[in-house]
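Read through the structure below, which is laid out as C-alpha cells, and then see the notes.
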Amino acid sequence: MLPKKKSYTFDEIKQKMVNYCVYQDRCHTEVEQKMKEFLLIPEAKEEILLYLIKENYLNEERFTRSYVRGKFYIKKWGRNKIKINLLQKGISERLIIKAYGEIDDNEYSAAIKTILEKIIPTFRALKEYQKKQKAIKYLLSKGYEYDLIVNEI
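This is the structure in C-alpha cells:
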C-alpha cells in the first residue's frame, strides 16, 4: 500500500516556502521546483512567488552573489564553472557577470597558484610537460580560464 501524502493548506505551504528561502538563498527555479511537491494550482504558485519576492525572501541578485562567493571561496571553482551552473539555474548572464564582482581578482590568481602548488607535486612519475598538461586540464575542469592558467604556470 502506498503511503498517503499529507495535504497542506495554502498558508502552510506558503510558510514552508518562506522557511525554505530563509534557510539559504534560493533562486526562482529552486523555489518553483520545491513547489512541485505540493499540489497547487498555477495561481496559488504565482501568489506564493510574488509574496516571497515582495517580502524579499526570494532575491535573484542576492542568491547569485552568494552562490558566486560560496563556489569560489569554499569549493575553489573558477568563473566558467560557476557561470555554467548558474545558467542551468536560469540566472541571466548579465546578473552573473555583475556578481563576479564578489571575487577579488588577486584572490582569483592566488587560488590558481595555490591549486597548482598542491596538484603538480602529485604527478610524480610524469615528465615536466606532462605535469603541466595535467595541471591545465585539472584547472580547466574546475572552471578556470585557459589564459589565466597559462600565465600562472
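So that you can map any letter, position 70 of the sequence shown is 69 in our numbering, and since no number is skipped, the others follow by simple counting. Beta carbons are placed, not taken as given, at the ideal position from N, Cα and C, and that holds for glycine.
*asked:* Please determine whether the Cβ atom of residue 20 lies at a distance below 8 Å from any heavy atom of the ligand SAM.
replied: Ligands displayed in this structure: none; no statement on the ligand SAM is therefore possible.
*Take residue 130 and list the residues in its own chain whose beta-carbon comes closer than 7 Å to its own, dropping the five residues that flank it on each side.*
Here the set comprises 119, 122.
*For residue 88, does the three-state DSSP call read helix, strand or coil?*
Three-state DSSP puts residue 88 in coil, outside helix and strand.
*Write down every uninterrupted run of the alpha helix (DSSP H) in the region 86-120 whose length is 4 residues or greater and which is fully enclosed by it, in chain order.*
For secondary structure counted as the alpha helix (DSSP H) over 4 or more consecutive residues, the region 86-120 holds these complete runs in sequence order: 92-98, 104-118.
*What three-state label does DSSP hand residue 1 in the structure shown?*
Because residue 1 sits at a pLDDT of 49, beneath the cut-off of 50, its placement in the model cannot be relied upon, and the point is left open.
*Which class does residue 138 belong to by DSSP, given the choice of helix, strand or coil?*
Three-state result, residue 138: helix.
*By Cβ distance, which residues of its chain are closer than 6 Å to residue 79, with the 5 residues on each side in sequence left out?*
Excluding its 5 nearest sequence neighbours in each direction, residue 79 has C-beta neighbours in its own chain below 6 Å: 142, listed in chain order.
_C-alpha distance - residue 1 paired with residue 90, whole-angstrom precision_ = Note on residue 1: pLDDT 49, under 50, position unreliable in the model; the coordinate value appears next. Pairing residue 1 with residue 90, the inter-Cα distance amounts to about 37 Å.
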